[in-house]
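Numbering (the working numbering), first residue to last: 421 to 1174. Glycine is no exception: its CB is placed at the ideal position from the N, C-alpha and C atoms. Notes to accompany the following structure.
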């Protein structure tokens, strides 16, 4: 056995020199030298094999597992819920979200939907045994438990149990509340469901009910110190947290903490912004409380996070849109879903938002990227891309005036949740951000506006409340009154501006076919060439010197016209030309023109026959390449649900067509939604020197402000819907003067009393 402390090269040629082992003493290793002819001993025999065995070496240092550094999750919009829903429950089994019940403004639902966050789709499941809303659920042992809540008859006592594997419902022992219970805090711990506070039919409750899943029985726990309803809530590590809520008069800031093991309540730090009706969920060991009203009925987008480890609150990312009367479900640790609720106008919405990104849990499957529309071989139009949600309009709005420049979309006046408004807002096409502009000098439903591109002036006719006419100067953000129109009113007219003239066609409560021409230079009106038919609320869009008018109601309303016409405005009095038949015969819709495809797109509207509010989300298209020939055809994908009409503007910008606002005529839900879709454009011969830079899709960053025209005064009566309210969805005709046919306007405005 030899120990080599120093290794030196050979001093004379001896074929080779080999060192085996390490530079170390013999405490751990047997060491050998070789080179039989060089005089070294012990020599290594030719062909000898040596086996090295570790005999007590040091413990190796493991390679560290990569550590996730959490980022900042953000709220974003996902696919709209199939119907507007106040207070549906939302829970997760770790793969899917389950959403049940809800109130759409007219009916209470028993629907149960499964939401796949990867595919961004909803699948209907078996309906619950009764219709309900404002009852959060829990999930345990493959079953969903939804207890109590509202129905149209009042508070409920039902314990609903859904078996996920069997897709079936049963009921358990009813909650022991004589008048039922709604708006409560709900939590699960160790096989028991805790129901705290809520609205018991008389006011805010301070009871704590405990449901034992194994025995299907109820007991009570310690009285809650502060009676509230509509709080945020969640169970974390054996403690049940009830945050904020309403005591019947106003929001409270209390954080009430129930120790399940000791059946005692204690107080935590007050919530920074007291809220009524927020969504809430336990996410990554913390209580998230998001949205709600502060104070009622002013919605907020704030996310407030309570950390039990530090016993403190912090602020999280803002929601895309403020809302209340909804619940959150957590697919911990990857996301929180907040479906439905009421929007800033205190009306049920189908808005669904998700908080995701930046976590350290199980990786979320990468969504499939929707390819950019591409041209098929040989040229021709590309397939349209999917609809993408933009920033919502600041208020819900229908039957408004509209105009656009190369950089902005403008929306003028209209109807916000049943109230005519004179608001003006514009959207920056590059950023997607809406900003307020100077209000119109008149307030009305269905005004019409046209841009004189040469001067940057928008000319607007009043709408249903009169025949006012005014000019809006984009550069100075100011209005100038002009000579009134010759009509008695200008409800639902179409308009365009070209070569120093403004053309005002059709409309009014009389379904006229008059065309009036305004001379900008002299501030005077003269008669134009009458349209072949009287019409009202047609889809219309100016393309160059032509004003295209499609469909619309006529004297035979609610049947719509099946015509496509254009008015040549190159010289007064103008000339009309008929194009292809519009077999859809729709009215009250947005008509967009895509310069990339040279095509008109009819989006939504009231369908033929029936009443004035048979809304659809269908999209149809007509190429103008062969005008006056061509054929209208369906243009999938359709607008996202819900169905809609009165989305007057058909905008085009950033390579997309856009739809703004509208109303779901089946429920009279007013919408603030903004959607846009790319149609692919044409397929020109490739030019190697041309580089196309896609315009970014606007980022959703706008926080909508509460609608100033809606005034709801909180009283000791809880801010929950009165379940006995009966809402009649059939519009009542209320013309301001006798007309030969019912006036197609959604009055009275059916919506529940908060």
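Point to revise | Cβ neighbours of residue 887 in the same chain (closer than 8 Å, five flanking residues each side left out) | key: 881, 904, 905, 906, 907, 908, 909 and 910
**Study point:** Inter-residue CB distance, residue 554 and residue 745 (contact presumed, cutoff 8 Å)
**Key:** 7 Å
Review point. Nearest-angstrom Cα distance between residue 540 and residue 498?
Key: 7 Å
Check your understanding: Closest by CA to residue 1071, which one among 830, 1064 and 979?
Key -> 830
**Study point:** Endpoints, the beta strand (DSSP E) within which residue 759 is located
**Key:** 755-759
Check your understanding: Going by Cα to Cα distance, which pick from 1044, 524 and 516 is closest to residue 537?
Key -> 516
Point to revise | DSSP-derived helix/strand/coil call for residue 1127 | key: In this prediction, residue 1127 scores a pLDDT of 30, lower than 50, which makes its location untrustworthy; the coordinate-derived value is nonetheless stated afterwards. Note: residue 1127 maps to coil in three-state DSSP.
Practice item. Below 6 Å CB to CB, which residues in the same chain sit around residue 985 once its five sequence neighbours on both sides are set aside? Key: 969, 996 and 998
Check your understanding: Grouping DSSP H, G and I as helix and E and B as strand, with all else coil, what is residue 961?
Key -> strand
Point to revise | Same chain only: Cβ atoms within 8 Å of residue 993, ignoring 5 sequence neighbours per side | key: 935, 937, 946, 947, 948 and 949
Check your understanding: Which residue or residues does DSSP assign as beta-bridge partners of residue 836?
Key -> 839
Point to revise | contact_flag[the region 750-764, the region 1075-1087] where n(CB pairs < 8 Å) is 3 or more | key: no
Review point. Curious, which full-length beta strand (DSSP E) runs of at least 3 residues does the region 986-1031 contain?
Key: 995-998, 1010-1014 and 1019-1026
Check your understanding: According to the Cβ coordinates, are residue 683 and residue 608 closer than 7 Å?
Key -> no
Exercise for review: Could you pull out every unbroken beta strand (DSSP E) segment of at least 3 residues lying fully inside the region 585-639, listed in chain order?
Suggested key: 588-592, 605-609, 612-616 and 628-632
**Study point:** Whole-angstrom distance between residue 869 and residue 951, CA atom to CA atom
**Key:** 19 Å
Exercise for review: In the DSSP assignment, find the beta strand (DSSP E) that holds residue 1091 and state where it starts and stops.
Suggested key: 1089-1098
**Study point:** Bounding residues of the beta strand (DSSP E) (the contiguous stretch that carries residue 722)
**Key:** Looking at the DSSP string, residue 722 is not in any beta strand (DSSP E), and its letter there is neither H nor E.
Check your understanding: Between residue 588 and residue 749, what straight-line distance do the alpha-carbon atoms span, to the nearest angstrom?
Key -> 21 Å
Practice item. Give the C-beta separation of residue 620 and residue 689 to the nearest angstrom, bearing in mind that I take them to be a contact with Cβ-Cβ under 8 Å. Key: Actually they do not touch by this definition, with Cβ atoms about 28 Å apart.
**Study point:** Alpha-carbon spacing of residue 649 relative to residue 529, whole angstroms
**Key:** 22 Å
Check your understanding: At what residues does the beta strand (DSSP E) containing residue 680 begin and finish?
Key -> Counting along the chain, residue 680 falls outside any beta strand (DSSP E), and DSSP gives it neither H nor E.
Practice item. Count the other CB atoms, across all protein chains shown, that sit within 10 Å of the CB of residue 919; report buried if there are 16 or more and exposed otherwise. Key: exposed
Check your understanding: Got a sec? Which residues, its chain only, sit under 8 Å from residue 932 by beta carbon, not counting five neighbours each side?
Key -> 907, 926 and 954
Check your understanding: Which residues bound the beta strand (DSSP E) around residue 923?
Key -> 921-925
Review point. Taking Cβ positions, are residue 841 and residue 818 nearer each other than 7 Å?
Key: no
**Study point:** Under the three-state DSSP convention, the category residue 580 falls into
**Key:** strand
Review point. Can we say the region 557-572 touches the region 656-670, given the rule of at least three CB pairs closer than 8 Å?
Key: no
Point to revise | Cβ neighbours of residue 702 in the same chain (closer than 8 Å, five flanking residues each side left out) | key: 654, 655, 656, 708, 750 and 752
Point to revise | Boundaries of the beta strand (DSSP E) in which residue 739 is found, first to last residue | key: Taken as a continuous stretch (DSSP letters only), residue 739 belongs to no beta strand (DSSP E), as it is neither H nor E.
**Study point:** Host beta strand (DSSP E) of residue 1047 (start-end)
**Key:** Careful: residue 1047 lies outside any beta strand (DSSP E) and carries neither H nor E.
Exercise for review: Let me know if residue 599 comes out buried or exposed under the rule of 16 or more other beta-carbons within 10 Å of its beta-carbon.
Suggested key: exposed
Point to revise | Start-to-end residues for the beta strand (DSSP E) that takes in residue 1084 | key: 1076-1084
Review point. Mind checking if residue 896 is an interface residue toward chain C, Cβ cutoff 7 Å exclusive?
Key: Any reference to chain C falls outside this structure, which holds one protein chain only.
Check your understanding: Between which two residues does the beta strand (DSSP E) carrying residue 541 extend?
Key -> 541-545
Practice item. With DSSP collapsed to three states, give me the class of residue 497. Key: strand
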